[in-house]
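Data block below; observations after.
2 protein chains.
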Amino acid sequence: MLGRRAEDYLEAIYELCRGKGYTRVKEIADHLKVKPATVSEMLSKLSREGYVLYRKRLFVTLTEKGVEVAREVRERRETLIKFLTALGVPKEIAERDACTIEHVLHEVTVEKLKMFVKFIENSPIYPKWLEHFEEFCKTGKHPCRFF
Amino acid sequence: MLGRRAEDYLEAIYELCRGKGYTRVKEIADHLKVKPATVSEMLSKLSREGYVLYRKRLFVTLTEKGVEVAREVRERRETLIKFLTALGVPKEIAERDACTIEHVLHEVTVEKLKMFVKFIENSPIYPKWLEHFEEFCKTGKHPCRFF
DNA sequence: AAATATTTTTAGGCCAGCCTAATTTCGATG
DNA sequence: CATCGAAATTAGGCTGGCCTAAAAATATTT
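Each protein sequence line maps, in turn, to chains A and B.
Using our numbering, the first residue of the first sequence is number 1, and each one after it goes up by one.
Using our numbering, the first residue of the second sequence is number 148, and each one after it goes up by one.
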């Protein structure tokens, strides 16, 4: 089985392949802030397990299997980012946190968060309660005291 | 510096000390689902760094410093659990997830989540929007279409 | 008090992920 | 086409956190 970090590699490769259609060790290394040597190792693992297509010193691409995983991860990550930013977490922090927790959350939890994001997005108007929450964050007072 | 797992150990010790005033290697091991040998190692680290008081083969307690960390972790964890259960994540899963992400979230994020929990708790009545969210989860339909 | 059971520690290993340094290969350029 | 620089790989190491097995200390039972 793959370790958790593998998912990050797959997603990185997915992103980096957009357009060009392939990517390279160094790009991946830069993207993940890791040394090329480390990428090399991971790539041979990933290719052994059938997630990436690559022969040594050649272009790197994902297999079907790899793309599938990458897309899932991407979606999870995006859900988390949307969720956190909706709550007012600054984008940069939201991205960082999303990236670190996306691999460990239970699918049920992710599903709930996804629903929550949808719930907000499906709102016909910007939800009152979110406004209220913002105000609550600023003032510490709940606008609905006399509700 | 301490690894992330250290926080779990500190919190576990904190919990286990309630009442008795001390705890023991085996208890900690059971609580964290880890072998006693592993606890031994971690304890010597923690005591070297001044978080726990213990001489070999004796009772284990936290130092001031240890208690402080444990309390913070505990609060974070509780916030997360409340937060997730409020959203409808089953308790067991919420606990599991809280435990795994509590160490890695940015403090800003934790703060936001804390506010969110407070926001809900401070509501004079059970918030309408939460009801709506529940319904949305069940039916997939947003109750406010014509809002 | 001796024998036995339990708890704790030590020693030695494993795995994931990272690193550096040395090497190999690729590819661009004179 | 020989050379030289950049990219990739290999080899060897490190750390955190876990493990098992064996040894040592302590506690309990007889």
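All C-beta atoms in this analysis are idealised placements derived from N, C-alpha and C, irrespective of residue type, glycine included.
Please work out which residues of its chain come closer than 7 Å, Cβ to Cβ, to B:Thr232, disregarding the five sequence neighbours upstream and downstream, and give them in chain order. Lys238 and Ala241
Discussion item. I'd like to know if A:Cys137 contacts chain B, where contact means its C-beta is closer than 8 Å to some C-beta of that chain.
Written reply: yes
Q) Any heavy atom of the ligand NAD closer than 7 Å to the Cβ of B:His289? A) Inclusion of the ligand NAD in the displayed structure is not the case, the ligand content being empty and no account of it being possible.
Test: A:Arg96 CB closer than 8 Å to a CB of chain B:
yes
Candidates A:Gly140, A:Arg5, A:Asp97 and A:Cys17, of which the one nearest A:Thr38 by Cα: A:Arg5
Note to self: Please list, in chain order, the residues of the stretch 242-274 of chain B that have any C-beta partner in chain A closer than 8 Å.
What the structure shows: Arg243, Asp244, Thr247, Ile248, Val251, Leu252, His253, Val255, Thr256, Lys259, Leu260, Met262, Phe263, Lys265, Phe266, Asn269, Ser270, Pro271, Ile272 and Pro274
Cβ of B:Gly235 less than 8 Å from any chain A Cβ?
yes
* Nearest CA to the CA of A:Ile120: which residue from A:Ala98, A:Thr79 and A:His103? -> A:Thr79
query: Taking the continuous alpha helix (DSSP H) assigned at B:Leu284, which residues delimit it?
result: Note on residue identity: the sequence assigns Cys, not Leu, to residue 284 of chain B. Per DSSP, B:Cys284 belongs to the alpha helix (DSSP H) from Lys275 to Thr286.
On a Cα-Cα basis, can you pick out the residue from A:Val73, A:Gly88, A:Val104 and A:His106 that is closest to A:His132?
A:Gly88
- So, is B:Met148 buried or exposed, given that buried needs 16 or more other C-beta atoms within 10 angstroms? exposed
inquiry  = Can you check whether the C-beta of B:Leu179 is within less than 8 Å of a C-beta belonging to chain A?
reply    = no
query: In terms of alpha-carbon separation, which member of A:Leu130, A:Ile101, A:Cys17 and A:Phe136 lies closest to A:Arg76?
result: A:Ile101
Using a Cβ-Cβ cut-off of less than 8 Å, list which residues of the stretch 206-224 of chain B approach chain A; keep chain order.
-> none
Classify A:Ile28 as buried or exposed, calling it buried when 16 or more other Cβ atoms lie within 10 Å of its own Cβ. buried
Does the beta-carbon distance from B:Ile272 to B:Ala217 come in below 8 Å?
no
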